[in-house]
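At position 319 of the sequence shown the residue is numbered 319 (the UniProt record's numbering), and the sequence of numbers has no breaks.
Here's the structure, in structure tokens; my notes come after.
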Amino acid sequence: MYVPRAHQSAPLPPDMTDAAPKAEPLLRGSALVTGAASGIGYATALAFAHHGVVHLALADINLDALNASIRTLRESHPHVEVLPLHLDVRKPDEVKAGIAQAVARFGRLDVAVNNAGVGGRGMRTHQIDEDEWQRVIDINLNGVYRCQKEELAAMIAQEDLGHRRGRGVIVNVASMYGVVGPKNPLYQSAYATTKHGAVVLAMSILGLTKADANAYAPDKIRINAICPGYVATPLTVTHMEAQPESPLHDHVAQTPMKRMATPEEVADSIVFLASPMSSFMHGAALVVDGGHSLMHTAAASRPLYAYFCLALLLPVFASASLPSHCRGPHKMPSREELTQIRDNYLALWGGDLTLADKVLSQDVKLNIDRHPAASGSAPVIVNDRKAFLEFLTFARAGWETFHFKVIHWVADGQNIAVRWKAEATMGKDYAAPTTLKPGDPVTWNGTDFLVVDDESLIKEVNIAQDMMELFHALGMTSVPL
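Have a look at this one:
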């Protein structure tokens, strides 16, 4: 009197949807961007709106400039809800209140970009006074800490949306000077200290990014940094036009790509870090500098180049002579292969037992609820293909016809989950108590979870069918246990 179910063991992430070809936005939900009135921050806000964010909290210390930028954004993206936040990252109370306001308005915070920052005044260390040092440190480092602290507190309390989205994503805007030191005569000691993890690791943006990435990974919160090079923001362009002798001209000329980045190019890289496309990037520093940092490291790295290449190639040489089962992880089945596995599995339950060898591994395991028995109920023990087929034959007994229709399914790697609708016809030998007569139709739903092995055979099946729905369809008023 039992019924067919489907496969798998571990539930699939809720964001792994059936991928019939339809354009889905790269980003979803809500986002916060600090330093959003202009430059990289404003370009990021536009890119987020373009790629699917529908709720934007935009923060800046310059409220007039922020409101002007928001008006422009709303003209091109009228569907996006925008919350302006007048926020000074040097003031913890303002940071806390602003992020709380965003969460209260939007319900959750999916992405946060900590972009607010300033440059130093171009002095050497012995020329910098205490106030200038503290100003840069308080905005560029402490400001990121204050924002990240409140963002983490909000994200850790919200729902985990699966391994591709998690509870949230944080992107900290650092600098290529977090990777290399500024050349003379660009003296930027305070700026480089806040941006450069190699200088003061525990107190830098990159150090904070890596430390919190490690600490909050179990909470499904991703934290990365982006390290832009020279960017053609209005402030930078105005400075260079007003000062033809500025060393910035030489520095840009020395960049392999011979130009500065546009804010939009940096924003697109931030979109990547904020999106599920970077879901396995964590604690990373993504350098977007047109190759400028290569000029600092190329000479020092040349002696290591041959050793590096050899290290990469050795595993290839070693695996070439190994048996296939010793060469590392098996290639994941394709979408088409997973679809065929799903269809064969349901056809097996539909009665085509010739598919057993193509569908089930020899040691397949079935996990299912207890089954009614003569003296109450008994556990169903299935640990191999033979026992699985015996149970399948038993479950089909008494039905004249048995067919399954896929309602929805998802797949990821070697996991499949399928929500099905059973369409069956009562047979004359159906043993369970029922008010139905032979030939009467019966329908009910269920969900099966499958795990596939490296040979594309199902090694584990977990069945969860809507039993109360089935009992109601059969006209049962009680089930003896």
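Glycine residues also receive a C-beta, built at the ideal position from the N, C-alpha and C atoms.
For residue i, the nearest candidate out of the options (CA to CA)
i, options, result
"residue 93", "251, 149, 266 and 407", "149"
"residue 138", "399, 44, 205 and 100", "205"
"residue 287", "172, 89 and 379", "172"
"residue 264", "151, 281, 115 and 232", "232"
"residue 108", "354, 156 and 86", "156"
"residue 346", "447, 281, 333 and 277", "447"
"residue 160", "142, 143 and 216", "216"
"residue 43", "234, 95, 141 and 62", "234"
"residue 416", "445, 401, 75 and 460", "460"
"residue 96", "393, 77, 144 and 50", "144"
"residue 290", "266, 164 and 284", "266"
"residue 103", "114, 154 and 333", "154"
"residue 34", "52, 335 and 66", "66"
"residue 387", "361, 336 and 401", "361"
"residue 482", "419, 242, 351 and 211", "Past the edges of the chain, shown from 1 to 481, lies residue 482, and the structure says nothing about it."
"residue 53", "24, 433 and 389", "24"
"residue 101", "252, 151, 379 and 418", "151"
"residue 390", "253, 176 and 353", "353"
"residue 114", "379, 89 and 433", "89"
"residue 176", "261, 158, 106 and 377", "261"
"residue 282", "106, 158 and 211", "211"
"residue 207", "140, 41 and 419", "140"
Buried or exposed by the 16-neighbour rule on C-beta atoms within 10 Å, applied to residue i
i, result
"residue 130", "exposed"
"residue 188", "For residue 188, the pLDDT reaches just 41, beneath the cut-off of 50, and the residue's location in the model is therefore unreliable, leaving the point undetermined."
"residue 437", "exposed"
"residue 319", "Its pLDDT being 47, under 50, residue 319 is placed unreliably by the model, and the measurement read from it follows with that caveat. Looking at its Cβ environment, which holds fewer than 16 other Cβ atoms inside 10 Å, residue 319 is exposed."
"residue 99", "buried"
"residue 214", "exposed"
"residue 335", "exposed"
"residue 381", "exposed"
"residue 439", "exposed"
"residue 7", "Reliability of the predicted coordinates at residue 7 is poor, the pLDDT of 33 falling under 50, and the value obtained from them is presented with this limitation in mind. Residue 7 is buried by the Cβ-count criterion."
"residue 60", "buried"
"residue 357", "exposed"
"residue 259", "exposed"
"residue 333", "buried"
"residue 465", "buried"
"residue 277", "exposed"
"residue 237", "exposed"
"residue 252", "buried"
"residue 395", "buried"
C-beta contact flag for residue i and residue j at 8 Å
i, j, result
"residue 383", "residue 359", "no"
"residue 209", "residue 229", "no"
"residue 341", "residue 456", "yes"
"residue 36", "residue 110", "no"
"residue 409", "residue 430", "no"
"residue 414", "residue 364", "no"
"residue 46", "residue 271", "no"
"residue 55", "residue 29", "yes"
"residue 174", "residue 116", "no"
"residue 285", "residue 227", "yes"
"residue 392", "residue 444", "no"
"residue 279", "residue 146", "no"
"residue 86", "residue 58", "no"
"residue 77", "residue 49", "yes"
"residue 257", "residue 249", "no"
"residue 422", "residue 338", "no"
"residue 450", "residue 458", "yes"
As an exercise, report each continuous beta strand (DSSP E) stretch of at least 3 residues that is fully enclosed by the region 381 to 420, in chain order. Secondary structure in the region 381 to 420: the beta strand (DSSP E) runs of 3 residues or longer, each lying completely within the stretch, are 399 to 412 in chain order.
Any contact of the region 219 to 226 with the region 158 to 177, i.e. 3+ C-beta pairs under 8 Å? Yes, they touch.
Whether or not the region 63 to 71 and the region 79 to 93 are in contact is what I'm after, with contact meaning three or more pairs of Cβ atoms, one per stretch, closer than 8 Å; do they touch? Yes: at least three Cβ pairs fall under 8 Å.
Fully enclosed by the region 32 to 120, which beta strand (DSSP E) runs are 3 residues long or longer? List check, beta strand (DSSP E) in window: 55 to 60, 81 to 86 and 111 to 114.
Cβ pair count under 8 Å reaching 3, the region 401 to 419 against the region 357 to 370: Between the region 401 to 419 and the region 357 to 370, the count of Cβ pairs shorter than 8 Å is below three; the stretches do not touch.
Report yes or no: do the region 458 to 471 and the region 424 to 431 share at least 3 C-beta pairs separated by less than 8 Å? Between the region 458 to 471 and the region 424 to 431 there are fewer than three C-beta pairs closer than 8 Å, too few to call the two in contact.
In the region 420 to 468, which residue ranges form an unbroken beta strand (DSSP E) of at least 3 residues, counting only runs that do not cross its ends? Fully enclosed beta strand (DSSP E) runs of 3 or longer: 441 to 452 and 458 to 465.
In chain order, which continuous runs of the beta strand (DSSP E) of length 3 or greater are located wholly inside the region 142 to 173? You should have 168 to 173.
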